[in-house]
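One structure is given below, encoded as structure tokens.
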Amino acid sequence: MDVMMMAETLRIGGHGGDEIRAYLARPLGPGPYPGVVVIHHMPGWDEATKEITRRFAAHGHLAICPNLHDREAQGAGPDDAAAAVRARGGVPDERFLGDAAGAVRHLRSMPSSNGRVGVIGYCSGGRQAFLAACCLPIDAAVDCYGAFVASSPPPELPLKMEPVLALAKDMGCPLLGLFGAEDSHPAPEETAQIEAELARLGKTYEFHTYPGAGHGFFATDRPMYRPEAATDGWRRVLSFFGRHLAGDGGA
Amino acid sequence: MCTYVTERAPVTGSAKGPQGWFRLSHATVYLDHPYFTALDHTLNIDLVDESAGPAARVAVELSPDSARALIACIETALARAEM
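As you go down the protein sequences, you meet chains A and B in turn. Under my numbering, residue 286 is the last one in the first sequence; the count climbs by one each step, no gaps. Under my numbering, residue 80 is the last one in the second sequence; the count climbs by one each step, no gaps.
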């Protein structure tokens, strides 16, 4: 844990050849280090998610958080961009995958990379982490309370998200799922459905549902924060990435 | 929970943001996690001019009780104006 590290905002290649901003935090040693792509939640590319990104670096990862709302954020703050994206029904899946692929490429191109990259996402980013596990060449994925993996948004909502569980057959990496028993998006019934499908397909996965926790229990800046669930969740995430992202030279 | 509840309506009027007054095109209303307020959920209203980009926005985050109180004030003011 006693690593020297730095954090910076840079530009990476994203979907459709667009350049988007990304927040990168990394240990300053020669490595080799595993990489983690941090997918932000619906409120956007905010301070809390950047803090999570730095925490991964402090634990010996090259961590990058692409701004999935960067195209909407020209001349606007992350909160304004998030509001605009929300009003338009969310980030299109194809665009997300292009941006996430760019973040994965960037991490693997770094001289201190061990070549292995995981993806973790929170809230809407949880669904996107699941999607990345099915569509991108990554080595591990963590879905933190992602909604609409198995179910569709109610038709009266403007969200354009479609369920992605049908893509699970293509999931090419282990998946860790962390959920709250009191959450309704996703509700425990939905996470049980996802778990059953992954079991049927013979995928490698671990699901944990915390009693007394609802949606967003990792969020230290919100009343929904649940220290016990969050502390255990962080332990599981770091252990999971430690097992699946260790390279030949170790991290 | 993340409610994802979002309502949207075209509006006529103006709002004052950091760059001064601007014309409004839409209001977006949703009950979800706030960006700033220290509550699990708030009733959020974005008053925007979509043609001017995401920065043309005036935002409020209200507790549900505050939102209901605001609705009552609006209804009362409109009703009195019609008297």
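By construction, the Cβ of each residue, glycine as well, lies at the ideal position given by its N, Cα and C atoms.
C-alpha gap between G268 (chain A) and G51 (chain A), whole angstroms
35 angstroms
Would you list, in sequence order, the uninterrupted beta strand (DSSP E) runs of no fewer than 3 residues that lie entirely inside the region 135 to 196 of chain A?
148 to 157, 175 to 179
I need the straight-line Cα distance from A182 (chain A) to C158 (chain A), nearest angstrom please.
7 angstroms
Straight-line CA distance for A83 (chain A) to L236 (chain A)?
35 angstroms
Terminal residues of the continuous alpha helix (DSSP H) containing C70 (chain B)?
For C70 (chain B), the enclosing alpha helix (DSSP H) stretches over residues 61 to 79.
Could you check if K85 (chain A) is buried or exposed, using at least 16 other CB atoms within 10 Å of its CB as the buried criterion?
In the assembly as shown, K85 (chain A) is a buried residue. Its beta-carbon has 16 or more other beta-carbons within 10 Å.
I need the straight-line Cα distance from T266 (chain A) to E47 (chain B), nearest angstrom please.
41 angstroms
Could you tell me the boundaries of the alpha helix (DSSP H) in which L211 (chain A) lies?
No alpha helix (DSSP H) contains L211 (chain A), which is instead part of the beta strand (DSSP E) from 210 to 215.
Comparing the C-beta of A264 (chain A) with each C-beta of chain B, is any distance below 8 angstroms?
no
How about L192 (chain A): is its C-beta nearer than 8 angstroms to some C-beta of chain B?
yes
Local conformation of W18 (chain B) per DSSP, three classes:
DSSP places W18 (chain B) in strand when its eight states are reduced to three.
Given this structure, state the Cα-to-Cα distance separating L210 (chain A) from S187 (chain A), to the nearest angstrom.
21 angstroms
Test item: CB-CB of L213 (chain A) and C179 (chain A) under 8 angstroms
yes
Classification of L63 (chain A) by the beta-carbon crowding that lies within 10 angstroms, buried from 16 upward:
exposed
For R5 (chain B), tell me which candidate among A:E43, A:I87, A:A118 has the shortest Cα-Cα distance.
A:A118
Just to confirm before moving on: does the CB-CB distance between I47 (chain A) and A138 (chain A) stay below 8 angstroms?
yes
Between P7 (chain B) and the rest of its own chain, which residues show a CB-CB distance below 7 angstroms, the 5 nearest in sequence each way excluded?
So the qualifying residues of the chain are S22, H23.
Check the DSSP bridge columns for Y27 (chain B) and list the partner residues they point to.
B:T3, B:N41
Do V72 (chain A) and H96 (chain A) count as a contact pair if the criterion is CB distance below 8 angstroms?
Between H96 (chain A) and V72 (chain A), the C-beta spacing is not below 8 angstroms.
My guess is that S147 (chain A) and P67 (chain A) are in contact by the Cβ rule of under 8 angstroms, so how many angstroms apart are they, rounded?
6 angstroms
Does any residue of chain B bring its CB to less than 8 angstroms from the CB of E107 (chain A)?
yes
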